[in-house]
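Chemist: All letters in the sequence shown, in the order written, are residues 1 to 357 by UniProt numbering. Cβ atoms here follow ideal geometry from the backbone N, Cα and C, with glycine treated the same way. Right, I'll just put the structure down here and ask away after.
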Amino acid sequence: ASETNRKGIGTFLPGDTKNQSITELVGSVDFSKLGEFGVESDPRAYKFDGELNVANRGIMEMIEMLKVDPKFLYVLLTLAQEKTIKTERFPLIYADEFILAHSVTGDSPVPYRKDGKIKFYVQIRLKGHAPQTASFDRLTDARKWIQEVESSIRNNRYFKTAESRKHNFNQLADRYIASVLPEKKTASDQKAQLFWWKKHIGNMLLADITPSIISEYKEKLLTEKTKKGKKRTGSTANRYLSIISHVFTVACKEWGWVRENPLSFVSKLKEPKGRVRFLSDDERERLLTTCKSSKNSYLYTIVVLALSSGMRLGEILNLTWSNVDFKHQRIILEETKNGERRQVPLKGRALDLLKLL
1 ASETNRKGIG
11 TFLPGDTKNQ
21 SITELVGSVD
31 FSKLGEFGVE
41 SDPRAYKFDG
51 ELNVANRGIM
61 EMIEMLKVDP
71 KFLYVLLTLA
81 QEKTIKTERF
91 PLIYADEFIL
101 AHSVTGDSPV
111 PYRKDGKIKF
121 YVQIRLKGHA
131 PQTASFDRLT
141 DARKWIQEVE
151 SSIRNNRYFK
161 TAESRKHNFN
171 QLADRYIASV
181 LPEKKTASDQ
191 KAQLFWWKKH
201 IGNMLLADIT
211 PSIISEYKEK
221 LLTEKTKKGK
231 KRTGSTANRY
241 LSIISHVFTV
251 ACKEWGWVRE
261 NPLSFVSKLK
271 EPKGRVRFLS
281 DDERERLLTT
291 CKSSKNSYLY
301 TIVVLALSSG
311 MRLGEILNLT
321 WSNVDFKHQR
331 IILEETKNGE
341 RRQVPLKGRA
351 LDLLKLL
């Protein structure tokens with residue numbers, strides 16, 4: 001039962017850091033044999049399949065020790081002092097082995113607290129290369145960054161481009177505003193958002209704008225007050241992140257000014273689900289009655305068209321007669337929010353009102 005004659009090599013690599021089971025090290029009760037042997041403490045009802053059992057009279061390798069659940073360390077301390085392990089149900093298991101524990105600091109994001117929030121600090125140190133550091137809001141983002149940067153370094157793909165040392169963010173944003181923004185329908189809003197970024201990181205070289213820098217200003221977007229004295233919502237802050245992300249995407253893929261988009265490693269803020277509500281029959285009739293009495297003679301037609309077609313206000317106001325096909329009873333929208341051509345059925349009261357115009 002003690003397996004004192006076994007000799008082997010055991011390895012343990014923690015998977016999910018939030019869900020580690022000690023049975024992976026010490027084995028577990030075989031519940032299928034409890035009926036045969038009666039009690040859990042009977043060695044014959046225990047599965048000696050833990051990595052410490054596998055490594056008995058051999059070597060036990062603990063990989064990524066810094067990621068191991070602290071409760072595992074008590075087992076190892078007991079083993080080092082007494083060569084016996086107390087498991088959850090089985091009294092004692094004998095073990096005699098050499099334990100090799102190691103962990104790569106660069107692969108282990110270190111959690112720290114800033115402004116009441118948990119962040120993860122990472123430093124990658126590889127021989128022959130300058131240290132690379134960054135901080136992240138989420139552990140998954142930190143690990144993703146580690147994998148990509150280490151892979152790039154080992155394949156000689158990770159280096160600061162000459163262009164990223166030549167240009168600052170002001171120059172990048174100005175080029176984007178001049179050449180890309182005029183083609184976008186939300187140009188005015190996005191231009192204002194870019195001016196906010198220019199104000200805060202405009203003089204920084206592109207090579208120095210890291211995910212941790214962006215994360216700091218992501219927090220500032222939420223905490224500072226706007227000109228109206230209000231704080232931005234998570235949805236609004238995400239619009240600021242989206243525009244600068246597209247700026248860096250263009251700079252990377254089309255202009256070659258940067259090697260990667262730092263926003264790829266910055267998580268978006270959670271947005272509340274939008275409220276969906278439909279007008280009741282009574283509310284709809286009261287709305288239409290009020291529109292009929294409006295001084296604006298087009299208001300009633302606009303509202304009826306919106307209710308019957310689901311078109312956006314901007315789409316309705318930009319309609320011309322060339323968009324209206326009375327023969328096939330449809331409206332053809334050439335320019336929509338997502339840039340795709342769309343057809344809207346035209347019938348009932350909406351069709352009759354348009355014919356009267």
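Tell me the residue span of the beta strand (DSSP E) that contains Ser-135.
Modeler: From DSSP, the beta strand (DSSP E) with Ser-135 extends over 132-136.
Chemist: If distances are taken between C-alpha atoms only, which option among Leu-354, Gly-229, Ile-99, Thr-233 comes closest to Leu-77?
Modeler: Ile-99
Chemist: Can you give me the C-alpha to C-alpha distance between Met-311 and Leu-305, rounded to a whole angstrom?
Modeler: 8 angstroms
Chemist: Rounded to whole angstroms, how far is the Cβ of Leu-288 from the Cβ of Tyr-300, which I believe are closer than 8 angstroms?
Modeler: 7 angstroms
Chemist: In chain order, what residues of the same chain lie with their CB nearer than 7 angstroms to the CB of Leu-353, ignoring the 5 residues before and after it?
Modeler: Thr-301, Val-304
Chemist: To the nearest angstrom, how far is the alpha carbon of Ile-201 from that of Gly-234?
Modeler: Cα to Cα, Ile-201 sits roughly 21 angstroms from Gly-234.
Chemist: Please check the pair Val-247 and Ala-173, which I expect to be a contact at CB under 8 angstroms, by giving their CB distance rounded to whole angstroms.
Modeler: That pair is a contact at about 6 angstroms.
Chemist: Return the CA-CA distance between Gly-106 and Lys-191, expressed in angstroms with no decimal places.
Modeler: Low confidence applies to Gly-106: its pLDDT is 48, below 50, so where it sits in the model is not reliable, and the reading given next is rough at best. Distance between the alpha carbons of Gly-106 and Lys-191 is about 38 angstroms.
Chemist: Please go through the same chain and pick out, in chain order, the residues whose beta-carbon is closer than 7 angstroms to the beta-carbon of Val-250, but skip the five residues on each side of it.
Modeler: Tyr-176, Val-180
Chemist: I think Gly-10 touches Glu-64, with their Cβ atoms under 8 angstroms apart; what is that distance to the nearest whole Å?
Modeler: Incorrect: roughly 15 angstroms between the Cβ atoms, too far for contact.
Chemist: Could you spell out the range, first to last residue, of the alpha helix (DSSP H) harbouring Lys-292?
Modeler: 281-292
Chemist: Please classify Glu-340: does DSSP put it in a helix, a strand, or coil?
Modeler: Three-state DSSP puts Glu-340 in coil, outside helix and strand.
Chemist: DSSP has Tyr-94 in a bridge; who is on the other side?
Modeler: Thr-84
Chemist: Less than 8 angstroms between the beta carbons of Asn-168 and Leu-205, yes or no?
Modeler: yes
Chemist: Near Val-39, what residues of its chain come up, given a Cβ to Cβ distance below 8 angstroms and the 5 sequence neighbours on each side ignored?
Modeler: Ala-45
Chemist: Checking the sheet assignment: what are the DSSP bridge partners for Asn-168?
Modeler: Beta-bridge pairing links Asn-168 to Leu-205.
Chemist: Consult DSSP for Arg-330 and reduce its assignment to one of helix, strand or coil.
Modeler: strand
Chemist: Determine the DSSP secondary structure at Lys-347, reduced to helix, strand or coil.
Modeler: In the three-state DSSP reduction, Lys-347 falls in the coil class, being neither helix nor strand.
Chemist: Return the CA-CA distance between Ile-331 and Asp-189, expressed in angstroms with no decimal places.
Modeler: 28 angstroms
Chemist: Looking at Ser-120: is its Cβ nearer than 8 angstroms to the Cβ of Ala-95?
Modeler: First, the residue type needs correcting, since residue 120 is Phe and not Ser in the sequence shown. Their beta carbons are not under 8 angstroms apart, which means Phe-120 does not touch Ala-95 by this criterion.
Chemist: Any contact of the region 266-285 with the region 314-333, i.e. 3+ C-beta pairs under 8 angstroms?
Modeler: no
Chemist: In three-state DSSP terms, what is residue 392?
Modeler: The structure shown has nothing for residue 392, since the chain only spans 1 to 357.
Chemist: Quick check: the Cα distance between His-328 and Leu-357, rounded to an integer number of angstroms?
Modeler: 18 angstroms
Chemist: Look at the alpha carbon of Lys-231 and the alpha carbon of Pro-262, and state the distance between them as a whole number of angstroms.
Modeler: 25 angstroms
Chemist: According to DSSP, is Phe-278 part of a helix, a strand, or is it coil?
Modeler: coil
Chemist: Residue range of the beta strand (DSSP E) that Ile-118 falls in?
Modeler: 117-124
Chemist: Look at Ser-267 and Arg-138 and say whether their C-beta atoms are less than 8 angstroms apart.
Modeler: yes
Chemist: In the DSSP assignment, find the alpha helix (DSSP H) that holds Gly-234 and state where it starts and stops.
Modeler: 234-250
Chemist: What residue range does the alpha helix (DSSP H) around Thr-11 cover?
Modeler: Note, Thr-11: premise wrong, no alpha helix (DSSP H); beta strand (DSSP E) at 9-12.
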